[in-house]
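Participant:
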Amino acid sequence: MSLYFENPVSFPEPGSISVNGIWHPNAALLAVASFSQDRGGFVIIFDELGESLKDVNYPVHRSYQVTALAWHPEKTVLATGWENGELKIWNGSDKDFINVVGPHKAPITFLQFSEKGGRLVSCDSTGSVVGWKVDSKGETDLSFHLDLKESVTHLTFRPTVKNHPDFDVEGLAKAAVNGDEHALDMFSNWRPKTTARKFKVQDGMDNLNFFIATQAGDFHCVLFNLVQR
1 MSLYFENPVS
11 FPEPGSISVN
21 GIWHPNAALL
31 AVASFSQDRG
41 GFVIIFDELG
51 ESLKDVNYPV
61 HRSYQVTALA
71 WHPEKTVLAT
81 GWENGELKIW
91 NGSDKDFINV
101 VGPHKAPITF
111 LQFSEKGGRL
121 VSCDSTGSVV
131 GWKVDSKGET
141 DLSFHLDLKE
151 SVTHLTFRPT
161 VKNHPDFDVE
171 GLAKAAVNGD
181 EHALDMFSNW
191 RPKTTARKFK
201 VQDGMDNLNF
211 FIATQAGDFH
221 CVLFNLVQR
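Quick note: the sequence shown uses UniProt numbering, first residue 1, plus one each step.
(1) Determine the closest residue to Y58 out of V101, E13, A28, with distance taken between C-alpha atoms.
(2) If you draw a straight line from the C-alpha of F97 to the C-alpha of T67, how long is it?
(3) Using the C-alpha atoms, what's the distance from G131 back to V121?
(4) To which residues does DSSP link H61 through a beta bridge?
(5) Which residues in the same chain as G50 place their Cβ atom closer than 7 angstroms to its Cβ, once the five residues preceding and following it in sequence are excluded?
(6) From the DSSP secondary-structure annotation, give me the bridge partner or partners of L69.
(7) Return the residue from the list Y64, H104, W71, P73 that minimises the CA-CA distance to L87.
(8) Let me know if D124 comes out buried or exposed under the rule of 16 or more other beta-carbons within 10 Å of its beta-carbon.
(9) Throw me the rounded Cβ distance for the L69 and I22 pair, which I believe falls under 8 angstroms.
(10) Buried or exposed for S93, going by 16 or more other Cβ atoms inside 10 Å?
(11) Express the C-alpha separation of D141 and C221 in angstroms, rounding to a whole number.
This is the structure:
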């Protein structure tokens with residue numbers, strides 16, 4: 001039986017409006033993009049108790065809002081995209097967000113890490129698609145720049161996931177139907193993210209190929225070996 005506790009999030013800025021929020025996939029960290037009339041756009045990172053992390057200098061922009069957020073899948077690295085095309089990254093150990101110099105001049109609409117976090121892709125409203133190499137410290141380096149000249153509506157990396165040979169999901173389901181209490185408990189406590197890790201495992205290499213859909217109805221497959229620097 002699962003127990004859930006409600007913890008209100010404590011915003012330091014009264015009257016602020018939250019426009020986006022994402023949980024880290026593996027850490028108890030919540031990143032929230034907000035906006036207020038007095039302060040402008042800003043980002044805050046909260047822990048599982050709803051308290052903001054204290055030793056972080058959060059970015060604030062008086063005239064622009066945060067338009068995209070993305071957590072690294074494994075590390076405490078947060079990428080933030082802004083309405084003026086700025087890309088700011090927090091690597092989890094420094095107090096300050098790092099301003100990443102890139103070609104974006106329009107609002108960043110998408111930020112997406114690859115399955116293991118070796119690549120970050122950013123897209124803006126004009127169709128500019130930029131790939132960034134991400135090292136073990138969370139630092140980024142420009143890898144490629146594509147100009148689609150169309151607004152991107154969706155972006156997803158191709159996953160590299162295979163079934164784990166040690167688990168027989170079909171057999172487990174049959175056992176649960178036949179009254180096996182252990183099998184029944186596993187399915188009763190099924191959680192999409194945590195249970196999936198029990199039955200699947202990633203290959204050793206990060207898959208850097210991804211797919212893009214645009215507002216014009218076009219669909220693009222971007223292959224790493226064709227765009228890598």
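By construction, the Cβ of each residue, glycine as well, lies at the ideal position given by its N, Cα and C atoms.
Facilitator: Put simply:
(1) Checked all of V101, E13, A28; the closest Cα to Y58 is E13.
(2) C-alpha of F97 to C-alpha of T67: approximately 16 angstroms in a straight line.
(3) Taking the straight line joining both Cα atoms gives about 5 angstroms.
(4) Assignment of beta-bridge partners to H61 by DSSP yields G41.
(5) Excluding the 5 residues flanking it on each side, G50 has same chain C-beta neighbours closer than 7 angstroms at N7, P8, V9, S10, in chain order.
(6) Paired residues: T80.
(7) For the residues Y64, H104, W71, P73, the minimum Cα distance to L87 belongs to H104.
(8) Buried is the label assigned to D124, since at least 16 other Cβ atoms lie within 10 Å of its Cβ.
(9) Rounded, the Cβ-Cβ distance is 5 angstroms, consistent with contact.
(10) By the Cβ neighbour-count rule, S93 is exposed, with fewer than 16 other Cβ atoms within 10 Å of its own.
(11) Inter-residue distance for C221 and D141 is about 22 angstroms (C-alpha atoms, whole angstroms).
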